[in-house]
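A short write-up of the structure that comes next.
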Amino acid sequence: MCNTCGCNVTDGNRHLLSIPHQQKSVTAITVLSNLLKHNDQQADQNRASIESHGVLAINLMSSPGSGKTALLEATIQKLKHKLSIAVIEGDLETENDADRIRAQGVQAYQITTGTACHLDAHLIQQALTHIRLDEIDVLFIENVGNLVCPASFDLGHHRNVTLLSVTEGDDKPAKYPVMFRASDVMLITKTDLLPYLGDFSVEKAIRYQHELASQAPVLALSSRSGEGFDAWLQWLEQEVSQHKIRIQQQQSIKPTIQAEGQQLHQQEPVRFRPVARA
Ligand SMILES: Nc1nc2c(ncn2[C@@H]2O[C@H](COP(=O)(O)OP(=O)(O)OP(=O)(O)O)[C@@H](O)[C@H]2O)c(=O)[nH]1
Ligand SMILES: [Mg+2]
422 MCNTCGCNVT DGNRHLLSIP HQQKSVTAIT VLSNLLKHND QQADQNRASI
472 ESHGVLAINL MSSPGSGKTA LLEATIQKLK HKLSIAVIEG DLETENDADR
522 IRAQGVQAYQ ITTGTACHLD AHLIQQALTH IRLDEIDVLF IENVGNLVCP
572 ASFDLGHHRN VTLLSVTEGD DKPAKYPVMF RASDVMLITK TDLLPYLGDF
622 SVEKAIRYQH ELASQAPVLA LSSRSGEGFD AWLQWLEQEV SQHKIRIQQQ
672 QSIKPTIQAE GQQLHQQEPV RFRPVARA
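Okay, so the sequence shown: first residue is 422 according to the working numbering, each after it adds one.
Structure, rendered in structure tokens:
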């Protein structure tokens, strides 16, 4: 799918595709073979830079509107006296989400991807120049709302958190395994709406998740009512403490990146045809 929509190429990595002047007459060139390798190298550099400030970086992924920004707003409010948080936001357009986060009194930087349906390591590298890492404990990266592509790109983060809102249906882990298999914790969100839906089964959603051979914990919560939120805050605080120990021991972890997702981006690479100028 990314091959047809061209979303492998973002404003962050476009420079890697520049066509040497002497090759301008070539009608079609293969462009993708090195993109993922460059992405992984940049991700490692991002991670080293984030870790040099002792910061834990968490990638939030879900379909559009499942409550990523609402989760962050509530998390910031509840942890403001314990942890210092900053957020990098990813959307195709608008500054809306970064504005919502800044209204909570924390640093936020908005990446607008234009047409790209995921963030990549080069976009994060640019965004990091706008974040004061020495002032924070946790950096959240809210990925573009999309249940497929974000799971294929290492951004330089440590953990993946995947959201599934109850209005989306309990079978989403089975239908979108690439995303859900990559999660370190899956959050079932908007549980305050369960009484109005009737057909969402939390048990089924958990079963679908575990059938992916994923041992990731599943937590059900509502950012609106606060129900179930304590278990999420506990998970987060535990991750922060474990990360600080790892840093002291000069150890690092990488997030799960879905191999088959990467293959989707490597097959039949996109071909670019230089535009003839008049
Ligand atoms: N009832 C209820 N509504 C929620 C909850 N969390 C989020 N919402 C609503 O769901 C809508 C989408 O929430 P957002 O936080 O913007 O979702 P998002 O995942 O950040 O959306 P994108 O960034 O566009 O992908 C908003 O109208 C929220 O108020 C919740 O726990 N309960
Ligand atoms: Mg959002």
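Quick reminder that beta carbons are idealized off the backbone N, C-alpha and C, glycines included.
Problem - Which listed residue (VAL587, LEU640, SER622 and LEU618) has its alpha carbon closest to that of SER604 - result: As a first step, residue 604 must be located in the sequence shown, where it is residue number 183. Taking only the C-alpha atoms, the option nearest SER604 is LEU640.
Practice task
Run the proximity test for THR490: is its beta-carbon closer than 6 Å to any non-hydrogen atom belonging to ligand 2?
Solution key: Taking the first residue of the sequence shown as 1, we reach residue 490 at position 69. Under cutoff, so the answer is yes.
Exercise for the section: Would you mind sorting GLU648 into buried or exposed? The rule is 16 or more other CB atoms within 10 Å of its CB. Expected result: Here the question's residue 648 lines up with position 227 in the sequence shown. That one is exposed.
Exercise for the section: For the alpha helix (DSSP H) containing ASP432, list its first residue and its last residue. Expected result: Reading the sequence shown from its first residue, position 11 is the one you call residue 432. Segment: none, ASP432 is in no alpha helix (DSSP H) and carries neither H nor E.
Problem - Residue range of the beta strand (DSSP E) that includes VAL639 - result: Position 218 of the sequence shown, counted from the first residue, corresponds to residue 639. Where VAL639 is concerned, the enclosing beta strand (DSSP E) stretches over 639-641.
Practice task
Apply the 10 Å Cβ neighbour rule to VAL430 and answer buried if 16 or more other Cβ atoms are within range, or exposed otherwise.
Solution key: Indexing the sequence shown from 1 puts residue 430 at position 9. Classification of VAL430: buried, given that the 10 Å Cβ count is 16 or more.
Problem - Meets three-Cβ-pair contact criterion under 8 Å: the region 576-583 and the region 479-490 - result: Taking 8 Å as the limit for Cβ pairs, the verdict is that the region 479-490 does touch the region 576-583.
Exercise for the section: Identify every run of the beta strand (DSSP E) within the region 563-638, keeping only runs that are complete inside it and at least 3 residues long; order them along the chain. Expected result: Qualifying beta strand (DSSP E) stretches, in chain order: 580-586 and 606-610.
Practice task
Confirm the yes/no value for this check: CB of ASP465, any heavy atom of ligand 2, distance under 6 Å.
Solution key: Counting from 1 along the sequence shown, the entry for residue 465 is found at position 44. It does not: the Cβ of ASP465 is nowhere closer than 6 Å to a heavy atom of ligand 2.
Handout entry: When GLN525, LEU493, GLY486 and ILE557 are compared against ILE471, the one with the closest alpha-carbon
Key = If you number the sequence shown from 1, residue 471 lands on position 50. Of GLN525, LEU493, GLY486 and ILE557, the residue nearest in Cα terms is ILE557.
Problem - beta strand (DSSP E) segment containing ASP541, residue limits - result: For the purposes of this step, residue 541 is taken as residue 120 along the sequence shown, with counting starting at 1. Following the DSSP letters along the chain, one finds ASP541 in no beta strand (DSSP E), marked with neither H nor E.
Handout entry: Proximity to LEU492 [Cα-Cα], best of THR534, LEU585 and ASN434
Key = Taking the sequence shown and counting its residues from 1, the one referred to as residue 492 is at position 71. If we check each option's Cα against that of LEU492, LEU585 comes out closest.
Handout entry: At least 3 beta-carbon pairs within less than 8 Å: the region 618-625 vs the region 590-603
Key = Touching, per the Cβ criterion.
Exercise for the section: Kindly give me the distance between the Cβ atoms of LEU549 and ASN467, rounded to whole angstroms, as I take these residues to be in contact under 8 Å. Expected result: Mapped onto the sequence shown, residue 549 falls at position 128. Mapped onto the sequence shown, residue 467 falls at position 46. Their Cβ separation, rounded to whole angstroms, is 6 Å, which keeps LEU549 and ASN467 in contact under 8 Å.
Exercise for the section: Assign LEU618 to buried or exposed, taking buried as 16 or more other Cβ atoms, counted over all protein chains shown, within 10 Å of its Cβ. Expected result: As a first step, residue 618 must be located in the sequence shown, where it is residue number 197. Under this definition LEU618 is an exposed residue.
Problem - Residues near ARG523 in its chain [Cβ-Cβ closer than 8 Å; skip 5 each side] - result: For this step, residue 523 is matched to residue 102 along the sequence shown. So the list reads ALA529, once near-sequence residues are dropped.
Problem - Beta-carbon proximity of ASN460 to ASP512, cut-off 7 Å - result: The residue you call residue 460 lines up with position 39 of the sequence shown. The residue you call residue 512 lines up with position 91 of the sequence shown. No; because the gap between Cβ atoms is not below 7 Å, this pair is not in contact.
Exercise for the section: Go ahead and label ALA537 buried or exposed: buried means 16 or more other beta carbons lie within 10 angstroms of its beta carbon, across all protein chains shown. Expected result: Taking the first residue of the sequence shown as 1, we reach residue 537 at position 116. Classification for ALA537: buried.
Handout entry: For GLY577, the nearest candidate out of PRO676, ASP432 and LEU457 (CA to CA)
Key = For the purposes of this step, residue 577 is identified with residue 156 of the sequence shown, where counting begins at 1. Selection PRO676, ASP432 and LEU457 evaluated against GLY577 yields PRO676 as nearest (Cα-Cα).
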